[in-house]
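Going by UniProt numbering, the first residue of the sequence shown is number 1, and it counts up by one from there.
Beneath this line is the structure, given in C-alpha cells, with notes to follow.
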Amino acid sequence: MQLGASGNDSFVTEFVLLGLTDSPALQPMLFVIFLLAYVAAIGGNFSILAAILMEPKLHTPMYFFLGNLSLLDVGCITVTVPAMLRQCLSNDRSIPYGACLSQLFFFHLLAGADCFLLTVMAYDRYLAICQPLTYSTRMGPEIQKASVGMSCACALTNAVAHTVALSTLKFCGPNVINHFYCDLPQLFKLSCSSIQLNEQLLFVAAAFMAVTPLVLITVSYTHVVAAVLRIRSVEGRKKAFSTCSSHLTVVGIFYGTGVFNYMRLGSVEASDKDKGVGIFNTVISPMLNPLIYSLRNPDVKGALWRIFTGR
Numbered sequence: 001m002q003l004g005a006s007g008n009d010s011f012v013t014e015f016v017l018l019g020l021t022d023s024p025a026l027q028p029m030l031f032v033i034f035l036l037a038y039v040a041a042i043g044g045n046f047s048i049l050a051a052i053l054m055e056p057k058l059h060t061p062m063y064f065f066l067g068n069l070s071l072l073d074v075g076c077i078t079v080t081v082p083a084m085l086r087q088c089l090s091n092d093r094s095i096p097y098g099a100c101l102s103q104l105f106f107f108h109l110l111a112g113a114d115c116f117l118l119t120v121m122a123y124d125r126y127l128a129i130c131q132p133l134t135y136s137t138r139m140g141p142e143i144q145k146a147s148v149g150m151s152c153a154c155a156l157t158n159a160v161a162h163t164v165a166l167s168t169l170k171f172c173g174p175n176v177i178n179h180f181y182c183d184l185p186q187l188f189k190l191s192c193s194s195i196q197l198n199e200q201l202l203f204v205a206a207a208f209m210a211v212t213p214l215v216l217i218t219v220s221y222t223h224v225v226a227a228v229l230r231i232r233s234v235e236g237r238k239k240a241f242s243t244c245s246s247h248l249t250v251v252g253i254f255y256g257t258g259v260f261n262y263m264r265l266g267s268v269e270a271s272d273k274d275k276g277v278g279i280f281n282t283v284i285s286p287m288l289n290p291l292i293y294s295l296r297n298p299d300v301k302g303a304l305w306r307i308f309t310g311r
C-alpha cells in the first residue's frame, strides 16, 4: 500500500482493484470474454450510429436520441473495460488516486447523461403518440439539440459534485477495493473520515437523477398506453407498442441495476453482488442496447442490412 504524508497524517496515493476474481487461471478466460464483449458493444453501437447517419428514413427525433444514446454507451464501456483488460494481462491491479477519481467522474457523467436522455426519449414517444399534430413543432431540431445539451449539463453538474465531495475525504488505508472499477459505495467504505455529507449528496442526487426521471417516464408511458388502447386497429396498437417496447426494456435494465447498486450503502457485505450489477451497468447494457433497438425495428434492420451488404 502506498501512502503519502501530509503533516502528521498519511493518505492513500493509489488503490488496488481486486477485479472479478483472484484466480490467475481465470484471468485469460475473463480477458477473452470481456474483450469480445467490448468489441461487440463498440461495433454494435457504431453500427447503429452509422445506420442513423446514412439512412434518410432514420433522420427523425427518435433516432437522433438513439444515436446519442449509442455514443454514451460507447463512452460508458470504454471508461471501465479497457482498464480491466489491462489488469487481466499485467496482473497489476493498482490504480492511482487521481485516475480513480477520473474514472468515477467520467462514469457518472456518461451514466447520468444516459439517465436524462432516456427520459427525453420517453417524452418524445409521448409527443409522437399522444400529440401527433404538434409533434414536428414541439420536437424540432433545435429542441432536440437543447434536450441533449441539457441532459449532458445536468449530468456534468452531478459528476462534478460527487467528484469534488469525494476528493475532500481522507483515505488512510486499507486501499483495497473489492470491485473492478472505482465507484462511490466502495470508496465510501475505505474512507477514514465522515461520509455523512457524501451520503446526503448521493441521496439528493438519487432523487434528482433517478426518482424524478423515473416518475416522468412512468407518467409519459401511462399517457402512451391510454392513447394506444384507444386505437381500434390491432395492427395500429401493435405498431405503436413496438416503438416503445425497446425503450422500456432499456429503461428497466438501466434503472433496475442502478437502484440495486446505489441504494445499498448501509450493507457491509462483500461487494460480489455489486460486481455483477457493475457488469450489467458497464458491459451488458451497452452491449445489449443495439440488439434491443434493432431486433424489433424493421427500419433499423433494413438500414443495417443495406450498410453491411453495400446495397
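Idealized CB from N, CA, C, for every residue including glycine.
In this text, all values refer to a predicted model and were calculated from it rather than measured experimentally.
- A Cβ-Cβ contact shorter than 8 Å links P286 with N45.
- Note that the C-beta distance between L58 and A303 is below 8 Å.
- For E14, the three-state secondary structure derived from DSSP is strand.
- Remark: three or more beta-carbon pairs, one from each stretch, lie closer than 8 Å, so the stretch 61 to 75 and the stretch 111 to 122 are flagged as touching.
- According to DSSP, residue pairing for I95 in a beta bridge involves F15.
- C130 places its beta carbon less than 8 Å from that of V224.
- Membership of R306 in the alpha helix (DSSP H) is indicated by the continuous run P298 to T309.
- Restricted to the stretch 61 to 124, the alpha helix (DSSP H) segments that are unbroken, complete and at least 4 residues in length are 61 to 90, listed in chain order.
- Residue pairing for I195: DSSP places it in no beta bridge.
- Contact between I77 and V283 holds, since their C-beta atoms are separated by about 6 Å, short of 8 Å.
- The beta carbons of V79 and F106 sit closer together than 8 Å.
- Sixteen is the threshold: when 16 or more other Cβ atoms of the shown chains lie within 10 Å of the Cβ of T257, as they do, the residue is buried.
- If you check the CB distance, Q186 and N178 come in under 8 Å.
- Considering only S47, Q87 and I52, the residue with the shortest C-alpha distance to V74 is S47.
- In this structure F180 is not in contact with G276, their Cβ atoms being roughly 11 Å apart against a cut-off of 8 Å.
- Going by DSSP, H59 is part of no alpha helix (DSSP H) at all; its letter is neither H nor E.
- In this structure, the beta-carbon distance from V250 to I217 does not fall below 8 Å.
- The stretch 83 to 95 makes no contact with the stretch 152 to 165; the number of CB pairs closer than 8 Å stays below 3.
- Bridge partners of V176 according to DSSP: V16.
- For the pair A146 and F116, the CB atoms are not nearer than the 8 Å cut-off.
- Burial state of L49 is buried, judged by a 10 Å Cβ sphere holding 16 or more other Cβ atoms.
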